[in-house]
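From first to last, the protein sequence lines stand for chains A and B. Note that the working numbering numbers the first sequence so that position 44 is 62, with each residue one more than the last. Note that the working numbering numbers the second sequence so that position 88 is 106, with each residue one more than the last.
There are 2 protein chains.
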Amino acid sequence: MRITNQREIILEELRRLKTHPTADELYEVVKKRLPRISIATVYRNLERLSEAGIIHKLEYGGRQKRFDGDVRPHSHVFCVRCGRISDVDTVEGLSVRAMVLDPKGFEIIEGSLQFEGICPECQKGNSLTTN
Amino acid sequence: MRITNQREIILEELRRLKTHPTADELYEVVKKRLPRISIATVYRNLERLSEAGIIHKLEYGGRQKRFDGDVRPHSHVFCVRCGRISDVDTVEGLSVRAMVLDPKGFEIIEGSLQFEGICPECQKGNSLTTN
DNA sequence: GTATTAAATAGTAATCATTATCAAAAAGGA
DNA sequence: TCCTTTTTGATAATGATTACTATTTAATAC
Chain A
19 MRITNQREII
29 LEELRRLKTH
39 PTADELYEVV
49 KKRLPRISIA
59 TVYRNLERLS
69 EAGIIHKLEY
79 GGRQKRFDGD
89 VRPHSHVFCV
99 RCGRISDVDT
109 VEGLSVRAMV
119 LDPKGFEIIE
129 GSLQFEGICP
139 ECQKGNSLTT
149 N
Chain B
19 MRITNQREII
29 LEELRRLKTH
39 PTADELYEVV
49 KKRLPRISIA
59 TVYRNLERLS
69 EAGIIHKLEY
79 GGRQKRFDGD
89 VRPHSHVFCV
99 RCGRISDVDT
109 VEGLSVRAMV
119 LDPKGFEIIE
129 GSLQFEGICP
139 ECQKGNSLTT
149 N
């Protein structure tokens with residue numbers, strides 16, 4: 019995998035953001051530093067980087083995928099109203115994998131805790147603002 | 019919510035299947051009993067039924083959503099190769115919600131354990147068959 | 001049982017996130 | 001610098017889902 023300017027800046031900005039952005043949210047941010055970048059380049063790199071395990075692809079919630087620059091194992095909540103994702107602190111340390119009694123023939127790669135809820139903004143009433 | 023023939027049969031077939039089908043997989047099954055049903059009706063009802071909490075919408079893995087007629091809390095594995103989802107038996111009983119230390123302002127509705135892995139079929143080599 | 005009306009359906013068009021395509025540009029050696 | 005391979009930008013294509021609309025049906029009142 020070659021080091022291109024686009025790839026470096028995409029990774030840099032994703033790691034800086036703590037909002038688990040969608041591809042197009044990240045595109046808007048990256049465009050400020052690389053005004054000529056294509057949305058396709060953002061999608062392509064997010065895919066490559068997550069295949070390589072350098073970032074994490076999150077697929078809960080809405081129709082859009084979200085991305086996380088923090089690959090350390092941790093849990094997420096996603097807002098059922100607006101799709102926003104946040105990290106949650108949990109009493110981990112006890113391995114989630116160890117909780118499996120019968121994997122039904124699957125070779126398990128990893129496990130995580132996942133929560134659904136309503137985010138602070140949506141609790142304040144304005145549940146219409148899809149963010 | 020009115021009881022229609024289509025709605026009843028969609029629910030019946032979803033509850034019968036243990037495969038966590040996608041909307042179009044369920045459409046194919048339901049079509050055998052209701053040959054004139056529309057794919058839009060299947061989508062519409064799956065949405066209504068999951069809003070009402072009668073079924074569960076699963077949004078991990080691939081691009082297609084999957085549905086589960088079993089709403090009792092339980093964990094899933096999804097196959098990173100083919101997207102197939104299976105139930106997993108875990109040492110639950112200890113509430114997943116109780117493991118949250120800091121919910122970051124979210125009002126948490128529910129939590130679950132989630133696993134990624136490779137299903138028995140994909141382990142047998144033929145990882146091309148997207149199922 | 002018939003009339004009423006609000007909700008649901010079938011068929012299909014529209015949407016929208018993502019992926020594919022391809023010519024041109026850039027990266028990383030030799 | 002030259003060569004080969006990867007990546008990019010621009011845009012078309014795809015595919016799952018949702019929206020739309022005329023028609024049908026369920027639930028209720030009469």
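For glycine and all other residues, C-beta sits at the position ideal for the given N, C-alpha and C.
Of all residues in the segment 104-124 of chain B, only 104, 105, 106, 107, 108, 109, 110, 112, 114, 115, 116, 117, 118, 119, 120, 121, 122, 123, 124 place a beta-carbon less than 9 angstroms from a beta-carbon of chain A. With respect to chain B, the C-beta atom of residue 100 of chain A has no partner C-beta closer than 9 angstroms.
Short of 7 angstroms from the beta carbon of residue 132 of chain B, and not among the five residues preceding or following it, lie these beta carbons of its own chain, in chain order: 78, 93, 94. As the crow flies, the alpha-carbon of residue 73 of chain A is around 20 angstroms from that of residue 107 of chain A. Counting along the chain, residue 132 of chain B sits inside no alpha helix (DSSP H); it lies in the beta strand (DSSP E) bounded by residues 125-136. Looking only at A/126, A/80, A/91, the smallest Cα-Cα distance to residue 100 of chain A is reached by A/80. Scanning the segment 45-114 of chain A for uninterrupted alpha helix (DSSP H) segments of 4 residues or longer gives 57-69, listed from N- to C-terminal end.
If you look at residue 32 of chain A, you'll find it in the alpha helix (DSSP H) that goes 23-34. Between residue 134 of chain A and chain B, the shortest Cβ-Cβ separation is below 9 angstroms.
Distances from the CA of residue 54 of chain A to each of A/83, A/24, A/96, A/69 were compared; the closest alpha carbon is that of A/24.
Between the segment 26-39 of chain B and the segment 80-91 of chain B there are three or more C-beta pairs closer than 8 angstroms, enough to call the two in contact. Residues of the segment 72-95 of chain A with a C-beta less than 7 angstroms from any C-beta of chain B: 77, 78, 79, 95, listed in chain order. By the C-beta density criterion, residue 31 of chain A is buried, having at least 16 other C-beta atoms within 10 angstroms. In terms of Cβ geometry, residue 98 of chain B and residue 127 of chain A form a close pair [threshold 9 angstroms]. Across the structure, residue 116 of chain A and residue 28 of chain A are spaced so that their CA atoms are roughly 35 angstroms apart.
Scanning chain A for C-beta atoms nearer than 7 angstroms to the C-beta of residue 131 of chain B yields 114, 117, 129, 131, reported in chain order.
Under the 10 Å beta carbon count, residue 129 of chain B is surrounded by 16 or more other beta carbons and is classified as buried.
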